[in-house]
Amino acid sequence: MSQHDSILKLLTEFDDNQLRPIKDDLEIARMIRGALPEDEDFEPLVLAELYAFSLLEDNEYGKANWQTYFGPALRNSGGGEVFEAIPLTKISKELLDYWESRINQCSNPILKSRYAGLVWEFSKKIRNTKPDFDKVGLVYVNSLLQAGQAGRYVFSQTVFKKLSRALTLALSFRNKALTGEAIEKIRKYAKEHEDSKKPGIWRHNYDLIVKDKLKEIDESIIAEIVDDLEGKFSLGLTPKPNGRPELNSAHVALDRLLDYYKKINDKESIKRLLGLLATAYEAEVLSIQPVQAIHLLGRLNEYYKTHNLFTEAIEVYKRIQALSPAVLEAMVPIATEFKVSKDTIDDFVAKCMLGDAPEVLSRLATAFIPSKDSKLSVFGGEGISALLTKSLHDGSGRTVAKVGPKNVDINGNEVMGISTNMSYGSVLLHFCITAGKTQSLLTVGNIMEYLKCSCLIAPDRYGLIEAGISAYLKGDFVVSLHILIPQFEAACLKLVELNGGSIWREGKNGGDNVRVLDDILRDELIVDSFGEDESFYLRVLFTDQRGWNLRNKVCHGMMKTNGFDYRKADRVFVAFLLLGLIKFQEFEPSLSEN
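Spelled out as structure tokens, the structure:
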């Protein structure tokens, strides 16, 4: 028996067993592979069957790159390159002819809808002809509706995907009968599974029927679905036997109701719903921990801001601020230990201290700048923390920033990773600073002589900077940080000006305001001068709320006295040393100029 005959026999058995549920259509591809010898090349018609059930439906890559509903899985070559598991060039006219012949050879709607769907999608692209509407298009939709019946698939998301596709096509065909049947099946399946272990399955009524099809669906159906969501929302807010509401269910209903009322511009209904949510939150906030209460109120605040209810948002924010100190009190410190041998430290410090004062200062300026491309630390995004959203709080307990999961907030996790690496690196940095003082390399005179070579520091600033450096070396970090941070900002502004950039932005009253430091550090002129990693590091150190944010904390008076420690002062000092590397370029006259 040939490979193809074996596979046809397998598919015929599946075709005859109409009530055998599968996870998804890929399971058929796995069945085919499992029935074939591993050491043999596949026959062309066997490949046709494999391709048919290996292509992914509702595939984002296919939509973007093939302009088709179906698309390939993506594979990694191992060398970092990504390739299509099934290239578009493999889908030929012969393949389409075979799939079209299979439509009428089987009766199981799972098989039938897959073959018809592929022919429907790829005919125009491959054959340059439209597929037959009655023999392919209508068969495709009817088969999807049958495949979406209970008992065909194990998982509800697969069922809804089939029914959603059927509804979309029925609407595009302007076929009221098929449209009505698709809507009926979606609602019936959601109702039948509403009380199962699949909470919120009723959300699909709105997501698939109403959300993106508001103008295409009968108003009476929309009204029924919205009324049902109102009921689910009210039920979710009603306290259960344990005295607590089911807020997750309420949020699922609310998000869809807000989407609907926003689309029809019903502001009063939005305000009504959020008022009900706020009332439920009030009772909940009294019985939960402060950090949980702030999370709930933060969500309410976002709802209000999203829907332009700013007065209400401000009141909620005041509640959040009032609870912030309690959050800080409830926090428990977590210690992280790492070991470095004394020999390793001594060797590292000795290498940093090689040479004269200018060499040492130049080395300190760059040796402790972490790269954002380096592996993130344990706090920055490896392990389970990469899956979580992290909130960052200031000394009063106020939430200053949030960093999302690594897969959706790469930049935020890079900032946190660098912040943590800076903390670890500060230990070695301080050993080097201490050694430099002991060896009389780090003196006010040596440092000022080094900095005076920079084109970014004007002579009229020397006195201020010398006072800041002197305070730093004496351990008066409150004074040194208050002096050096603004002077660092002034030097960055000068760098932009010297390179032909503008340091001004339009002010509110018709005048010009100086650009803020964060904006300046993102300027291409700064990035080109310092380097991409260096400018990113400087933003983490001075202006990023997810990082150390020293410029804003110090200049806005947000740092308490005990916050002015050697770690921060060391980092600002070596950032200042970085300025000493920026000098006017010296040109030697060419022979033609003599």
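Going by UniProt numbering, the letters in the sequence shown line up with residues 1 to 594, in that order. All C-beta atoms, glycine included, are put in the ideal place defined by N, C-alpha and C.
DSSP-derived helix/strand/coil call for residue i
{"i": "G463", "result": "helix"}
{"i": "K553", "result": "helix"}
{"i": "V496", "result": "helix"}
{"i": "I32", "result": "helix"}
{"i": "W99", "result": "helix"}
{"i": "Y69", "result": "coil"}
{"i": "A48", "result": "helix"}
{"i": "E224", "result": "helix"}
{"i": "L55", "result": "coil"}
{"i": "A401", "result": "strand"}
{"i": "M1", "result": "coil"}
{"i": "W548", "result": "coil"}
{"i": "I22", "result": "strand"}
{"i": "N513", "result": "strand"}
{"i": "L214", "result": "coil"}
{"i": "W120", "result": "helix"}
{"i": "L392", "result": "strand"}
{"i": "C352", "result": "helix"}
Exposed unless 16 or more other CB atoms sit within 10 angstroms - verdict on residue i
{"i": "D39", "result": "exposed"}
{"i": "P44", "result": "exposed"}
{"i": "L429", "result": "buried"}
{"i": "K2", "result": "It is Ser, not Lys, that sits at residue 2 in the sequence shown. S2 is exposed by the Cβ-count criterion."}
{"i": "V574", "result": "buried"}
{"i": "F160", "result": "buried"}
{"i": "T543", "result": "buried"}
{"i": "N411", "result": "exposed"}
{"i": "R114", "result": "buried"}
{"i": "D523", "result": "buried"}
{"i": "N552", "result": "buried"}
{"i": "R256", "result": "buried"}
{"i": "D25", "result": "buried"}
{"i": "H556", "result": "exposed"}
First through last residue of the alpha helix (DSSP H) which encompasses residue i
{"i": "L256", "result": "According to the sequence displayed, residue 256 carries Arg and not Leu. Start and end: L247 to K263."}
{"i": "V340", "result": "First-last for V340: undefined, no H or E at that position."}
{"i": "R539", "result": "E532 to F542"}
{"i": "E302", "result": "P290 to T306"}
{"i": "E282", "result": "K267 to V285"}
{"i": "L74", "result": "No alpha helix (DSSP H) contains L74, which is instead part of the beta strand (DSSP E) from L74 to N76."}
{"i": "N509", "result": "No alpha helix (DSSP H) contains N509, which DSSP labels as neither H nor E."}
{"i": "M448", "result": "V444 to L451"}
{"i": "T129", "result": "Taken as a continuous stretch (DSSP letters only), T129 belongs to no alpha helix (DSSP H), as it is neither H nor E."}
{"i": "residue 595", "result": "The question about residue 595 has no answer, for the chain in this structure spans 1 to 594."}
{"i": "I183", "result": "K176 to E192"}
{"i": "R165", "result": "S156 to F173"}
{"i": "T89", "result": "No alpha helix (DSSP H) contains T89, which DSSP labels as neither H nor E."}
{"i": "V136", "result": "Neither: V136 is in no alpha helix (DSSP H) and is coded neither H nor E."}
{"i": "F576", "result": "Y566 to L579"}
Beta-carbon proximity of residue i to residue j, cut-off 8 Å
{"i": "L254", "j": "A278", "result": "no"}
{"i": "I465", "j": "Q487", "result": "yes"}
{"i": "V226", "j": "I217", "result": "no"}
{"i": "W99", "j": "A52", "result": "yes"}
{"i": "L364", "j": "L581", "result": "no"}
{"i": "I186", "j": "I221", "result": "no"}
{"i": "K508", "j": "L473", "result": "no"}
{"i": "Y69", "j": "E84", "result": "no"}
{"i": "R571", "j": "L538", "result": "no"}
{"i": "G231", "j": "A250", "result": "no"}
{"i": "F477", "j": "I345", "result": "no"}
{"i": "I369", "j": "D533", "result": "yes"}
Residue i, enclosing beta strand (DSSP E) - first and last residue
{"i": "E84", "result": "V82 to E84"}
Distance, residue j Cα to residue i Cα
{"i": "I91", "j": "V46", "result": "14 Å"}
{"i": "D356", "j": "Q292", "result": "56 Å"}
{"i": "C455", "j": "D519", "result": "21 Å"}
{"i": "S6", "j": "A35", "result": "8 Å"}
{"i": "L591", "j": "V408", "result": "Confidence in L591 is poor, its pLDDT being 48 and thus under 50, which makes the residue's placement unreliable; the coordinate value appears in the next sentence. Going by the C-alpha atoms only, they are around 57 Å apart."}
{"i": "S143", "j": "Y281", "result": "46 Å"}
{"i": "D266", "j": "I288", "result": "33 Å"}
{"i": "residue 595", "j": "D132", "result": "Here the chain has residues from 1 to 594 only, and residue 595 is not among them."}
{"i": "G501", "j": "E81", "result": "39 Å"}
{"i": "F564", "j": "S234", "result": "51 Å"}
{"i": "A166", "j": "L145", "result": "6 Å"}
{"i": "I264", "j": "C106", "result": "46 Å"}
{"i": "D512", "j": "I503", "result": "10 Å"}
{"i": "F379", "j": "E27", "result": "Note that F379 has pLDDT 34, beneath the 50 cutoff, so the model's placement of it is unreliable and no number is given."}
{"i": "N594", "j": "V403", "result": "With a pLDDT of 43 at N594, under the threshold of 50, the predicted position of this residue should be treated as unreliable, and no value is reported."}
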